[in-house]
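Trainee: Input: one structure, supplied below.
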Amino acid sequence: MGKSGLVSRLVYPTRRYSWIIMIMPGLLVLVIFFLVPMVRLAQLAFYQPDPIWIYKPAFTLTNFAKFFSDPFYWGMIFNSLRVGLLTTVCTLLVGYPIAYYLSLSRGTERTILTAGFMLPLFVTMLVGTLGWYILFLPFGLVQRILQSLGLVSGPLRVLKTFTALVVVLGYLHLPYALLILVSSIQSVPREKIDAARTLGAPTWMIFLKIVLPLTMPGITSSAILVFALSSSSYLVPVLITGQSIPLLPIAIWRYTNETLNWPFAAANALILFAITIVVMYGLILLTNRISRRGKWEVV
Amino acid sequence: MEQIVLQLEKLNKSFGNLHVLKDLDLEVAKGEVLTLLGPSGCGKTTTLNLVAGLINPDSGKIILRGEIVNAYSPQKRKVGMVFQSWALFPHMTVYENIAFGLKVKKWPKSKIDQKVREMLSLIQLPNIQNKFPSQLSGGMRQRVAFARALAVEPDVLLLDEPFSNLDELLRRQMEVETRRLQQQIGITTLFVTHNQEEALVMSDRVAVMSNGKIVQVDTPLKVYNDPRTSFVCEFLGDANIFEGQVSEVKASHVLVECGGVTFVSSRLGFNAGEEVTVAIRPERISLSRDTGSSDPANLFPNMFPARVSEVVYKGPTAVYSLILKGVHNVVVTEQCLNPEEIKRPGEEVYLKIPPDAVLLFKKERNNG
Chain A
216 MGKSGLVSRL VYPTRRYSWI IMIMPGLLVL VIFFLVPMVR LAQLAFYQPD PIWIYKPAFT
276 LTNFAKFFSD PFYWGMIFNS LRVGLLTTVC TLLVGYPIAY YLSLSRGTER TILTAGFMLP
336 LFVTMLVGTL GWYILFLPFG LVQRILQSLG LVSGPLRVLK TFTALVVVLG YLHLPYALLI
396 LVSSIQSVPR EKIDAARTLG APTWMIFLKI VLPLTMPGIT SSAILVFALS SSSYLVPVLI
456 TGQSIPLLPI AIWRYTNETL NWPFAAANAL ILFAITIVVM YGLILLTNRI SRRGKWEVV
Chain B
552 MEQIVLQLEK LNKSFGNLHV LKDLDLEVAK GEVLTLLGPS GCGKTTTLNL VAGLINPDSG
612 KIILRGEIVN AYSPQKRKVG MVFQSWALFP HMTVYENIAF GLKVKKWPKS KIDQKVREML
672 SLIQLPNIQN KFPSQLSGGM RQRVAFARAL AVEPDVLLLD EPFSNLDELL RRQMEVETRR
732 LQQQIGITTL FVTHNQEEAL VMSDRVAVMS NGKIVQVDTP LKVYNDPRTS FVCEFLGDAN
792 IFEGQVSEVK ASHVLVECGG VTFVSSRLGF NAGEEVTVAI RPERISLSRD TGSSDPANLF
852 PNMFPARVSE VVYKGPTAVY SLILKGVHNV VVTEQCLNPE EIKRPGEEVY LKIPPDAVLL
912 FKKERNNG
């Protein structure tokens, strides 16, 4: 190519070290705004809490000991896991058929449907959650509908329940799952499905044996995203369930801002972080095993 | 009378405003390879998809083994299909790909094993059953797709340009091998291609399509040497085309006047004064440096002096461009057996064209 200088390095990224230039801006942002605070957080989790200085830089494991010796905190882990996993499963179960339909639809229908399902993305999470809050209020719309159908009587207790939390989290995170799933389903070539049809496979079998395995990477990534977002969600549980269900993100907030026990808050944050990573990794392992990923490549 | 396995009757298909198939009729006999040949957009792949049941016709009948199958889903039609992309299932091994259709039919495991082994030895790749498609070369993938389609023992095999993703050399190899395989099994095959050479190599009969209609169905020999229209002639191989007018009709031949050159043609059925298109294949014209005889009565009927303007040497053959009567450009392909025989640019030579090589077509009204 016979060219040199910064510009040609950017234009011809095949040059040996030019990739450094391409990833530098992103890397810099990650290091400054993610890695440094995370290291600091990890440090803090092993410091002693101090009533005057907030923390004392002396190594200790008491924060973790306190956490793991109390069944209340174990319950919190369980709750957070339950919220995350249940929301993920529900979002995927609802989202996959929608994504499938969207990937088949064309023209105006597709535009309208896509816009409709992506709506939660354009409304701030606070407003979206408040909408549900109003619906779920005792004697609110949900109750009135159920009551008119004769299904319930007396004040309905939806608002503070676990179910309500999962519904709202699922609704708010559905667009993310859809975006990934639609593109994943669309990348399954039409000819592969046609081939299966000429080989005699009924529709359910084509779905189970061809479409599902080929869209597994999309399912995995949307599951990871929904799990990470919903298990770490703070705003939604605060508004929907309040203090009635102890969750890690709410606890972290309270230790940071109310009791000012920063080291313990850091320990909680680190544990939530670890849980998320373990679940993600487990999910990847599981789906890779099911779809035998890594052995084959798309052709 | 040969048994007809597949019959298409007055098939029509439109996509929106586009009328893709117009009253298409076709019959495929048991065990033969019939090729649908035509330029892209002529409706050949649409025809194949209609037979497979992947799309439905607007009107007309699809008859498989004497039974109207219009209402049948692709699953029930007993056709095997090899796609242009081969459409292998990338997450399944070669074994699982070939066994897929058999598992659908709930064959017992031992029978499936046996069939897969049989198929793999048929395509001469006995040791690849545990490989994934991504680990195979293009030619191997194509053969696996073939084996997968054949494993279910279909009544008709549909091939949708299965060689177009292969490089030139491999493609020729696969054409011959696929033809051998087909003859070995004797499966009725409907083959779609836009490649004329492929069509000639692979087929028992070639159906040349244009604009949603079949223009001619004949053996490769006939469609090439005796094309019915100038479209068929030009689509299958090269041809020198001249526009002319029939000047004289005799019992055994006609004379055609084309811009100062009069060709003698043994094609009959034309009237004096009729406007015609003349087509002459480049390999049917020979070049010589002398007239061959001094007696005017013994002279070759179509012999014209011409000047060589360009020579392209291709090894076994040479392609010449010549100027005839100062106006017509004529292309001639000749074998090069002797280097002395190769003409040079600027040389004055004689063109000799046998009267049966002068093909005549009635003027087409712009439907090529």
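If you read the sequences in order, they're chains A and B.
The end of the first sequence is residue 514 by our numbering, with every number in the run present.
The end of the second sequence is residue 919 by our numbering, with every number in the run present.
Heads up, the beta-carbon is just placed ideally off N, CA and C, and yes, glycines get one too.
1) Could you name each continuous alpha helix (DSSP H) segment of 4 residues or more that falls completely within the region 311 to 339 of chain A, going from the start of the chain to the end?
2) Using only alpha-carbon positions, find the residue among A:Thr326, A:Ile455, A:Met291, A:Gly497 that is nearest to A:Thr435.
3) Taking 7 Å as the cut-off, decide whether the C-beta atoms of B:Tyr871 and B:Val883 are in contact.
4) Should B:Asn918 go down as buried or exposed, given a rule of 16 or more other Cβ atoms within 10 Å for buried?
5) Residues in the same chain with beta-carbon distance under 7 Å from A:Ser448, minus the five sequence neighbours each way, listed in chain order, please.
6) May I have the straight-line CA-CA distance separating B:Ile649 from B:Val667, to the nearest angstrom?
7) Looking at chain A, which residues of the region 655 to 673 of chain B have a Cβ within less than 8 Å of any of its Cβ atoms?
8) Following the continuous beta strand (DSSP E) through B:Val743, name the residue where it begins and the one where it ends.
9) For the region 579 to 589 of chain B against the region 748 to 756 of chain B, do three or more pairs of beta-carbon atoms, one drawn from each stretch, fall closer than 8 Å, so that the two count as touching?
10) Spatial neighbours of A:Val373 within its chain, please: C-beta separation below 7 Å, excluding the five flanking residues on both sides.
11) Any chance the CB of B:Lys629 is under 6 Å from a heavy atom of the ligand GTP?
12) Of all the CB atoms in chain B, is at least one closer than 7 Å to the CB of A:Thr413?
13) Would you verify that the beta carbon of B:Gly652 is, or is not, closer than 7 Å to some beta carbon of chain A?
14) Would you kindly report the start and end of the unbroken beta strand (DSSP E) that includes B:Arg756?
15) Since A:Leu389 and A:Pro335 should fall inside the 8 Å C-beta cutoff, what is the C-beta to C-beta distance between them, to a whole number of angstroms?
16) If distances are taken between C-alpha atoms only, which option among B:Ser860, B:Asp711, B:Ser636, B:Lys894 comes closest to B:Lys876?
17) How should B:Cys887 be labelled, buried or exposed, when 16 other C-beta atoms within 10 angstroms of its C-beta is the threshold for buried?
18) Taking a Cβ distance cut-off of 7 Å, strictly less, list which residues of the region 634 to 653 of chain B are near chain A, in chain order.
19) Give the straight-line distance between the Cα atoms of B:Phe782 and B:Ile555, rounded to the nearest whole angstrom.
20) Taking the straight line between their C-alpha atoms, what separation do you get for A:Val397 and A:Asn476?
21) By the criterion of Cβ-Cβ separation under 8 Å, what are the contact partners of B:Met632 in chain A?
22) Counting only beta-carbon atoms, is B:Leu701 nearer than 7 Å to chain A?
23) Given a limit of 8 Å on CB to CB distance, which residues of the region 608 to 626 of chain B reach chain A?
24) Distance check for A:Ile395 and A:Asn503, CA to CA, integer angstroms please.
25) Could you check what DSSP says for B:Cys887 in three-state terms: helix, strand or coil?
26) So, is A:Thr326 buried or exposed, given that buried needs 16 or more other C-beta atoms within 10 angstroms?
27) Let me see if you follow: with CB-CB separation under 7 Å, is A:Leu501 close to chain B or not?
28) Less than 8 Å between C-beta atoms, sequence neighbours within five positions excluded: which residues of the same chain meet that for A:Thr344?
29) Just to confirm the assignment, what range does the beta strand (DSSP E) spanning B:Asp664 have?
30) Could you please give the first and the last residue of the uninterrupted beta strand (DSSP E) stretch that includes B:Ala622?
31) Can you name the residues of chain B whose CB is closer than 7 Å to the CB of A:Lys510?
32) Just by C-beta distance, which residues in the region 788 to 799 of chain B are closer than 8 Å to chain A?
33) Please name the residue in B:Ala823, B:Glu719, B:Val579 whose C-alpha comes closest to that of B:Gly617.
34) When the Cα atoms are used, what is the spatial distance from A:Ile360 to A:Ser368?
35) Any contact of the region 636 to 647 of chain B with the region 724 to 731 of chain B, i.e. 3+ C-beta pairs under 8 Å?
36) Since B:Asn716 contacts B:Ser636 with CB under 8 Å, what's their CB separation in whole angstroms?
Mentor: To lay it out plainly:
1) Taken in chain order, the complete alpha helix (DSSP H) segments of 4 or more residues contained in the region 311 to 339 of chain A are 322 to 337.
2) Shortest Cα-Cα distance from A:Thr435 to any of A:Thr326, A:Ile455, A:Met291, A:Gly497 involves A:Gly497.
3) Against a cut-off of 7 Å, the Cβ pair of B:Val883 and B:Tyr871 comes out as a contact.
4) At B:Asn918, the pLDDT of 47 sits below 50, so the modelled position is not reliable; the number obtained from the coordinates is stated separately. Classification of B:Asn918: exposed, given that the 10 Å Cβ count is below 16.
5) Here the set comprises Leu384, Pro464.
6) So the two alpha carbons sit approximately 6 Å from each other.
7) Contact annotation: in the region 655 to 673 of chain B, residues whose CB is within less than 8 Å of a CB in chain A are Val655, Lys656.
8) 739 to 744 is the span of the beta strand (DSSP E), which, as asked, contains B:Val743.
9) Using a C-beta cut-off of 8 Å, the region 579 to 589 of chain B makes contact with the region 748 to 756 of chain B, since at least three inter-stretch Cβ pairs fall below that distance.
10) Cβ contact annotation for A:Val373 (same chain, cutoff 7 Å, sequence separation greater than five): Phe351, Val357, Ala379, in chain order.
11) Of ligands this structure carries none, so the ligand GTP is not represented either.
12) So, interface residue.
13) By this cut-off, B:Gly652 is an interface position.
14) From DSSP, the beta strand (DSSP E) with B:Arg756 extends over 756 to 761.
15) Contact annotation, A:Leu389 with A:Pro335: C-beta distance approximately 7 Å; criterion of less than 8 Å satisfied.
16) Selected option, being the one with the closest Cα: B:Ser860.
17) By the neighbour-count rule (16 or more Cβ atoms within 10 Å), B:Cys887 is not buried but exposed.
18) Listed by position, the residues of the region 634 to 653 of chain B near chain A (Cβ gap below 7 Å) are Phe634, Ser636, Ala638, Leu639, Phe640, Pro641, His642, Phe651, Gly652.
19) Looking at the two C-alpha atoms, the distance is approximately 28 Å.
20) A direct Cα-Cα distance of roughly 44 Å separates A:Val397 from A:Asn476.
21) Chain order gives the chain A residues near B:Met632 as Asp409, Ala410, Thr413, where near means a beta carbon separation below 8 Å.
22) No, B:Leu701 does not count as interfacial toward chain A.
23) Within the region 608 to 626 of chain B, the residues whose Cβ lies closer than 8 Å to any Cβ of chain A are, in chain order, Ser624, Pro625, Gln626.
24) Straight-line Cα distance between these residues: approximately 17 Å.
25) The answer is coil: DSSP assigns B:Cys887 none of H, G, I, E or B.
26) Looking at its Cβ environment, which holds fewer than 16 other Cβ atoms inside 10 Å, A:Thr326 is exposed.
27) Answer no: the Cβ-Cβ gap between A:Leu501 and chain B never drops below 7 Å.
28) Excluding positions up to five away in sequence, the list reads Val383, Leu387, Leu450, Val451, Leu454, Ile455.
29) For B:Asp664, there is no enclosing beta strand (DSSP E); the enclosing alpha helix (DSSP H) has its first and last residue at 660 to 673.
30) No beta strand (DSSP E) contains B:Ala622, which DSSP labels as neither H nor E.
31) What A:Lys510 touches in chain B: Phe683.
32) Hits within the stretch: zero.
33) Cα-wise, what sits closest to B:Gly617 is B:Val579.
34) About 11 Å.
35) Contact fails: fewer than three Cβ-Cβ distances are below 8 Å.
36) In this structure B:Asn716 touches B:Ser636 by the C-beta definition: roughly 7 Å separates them, less than 8 Å.
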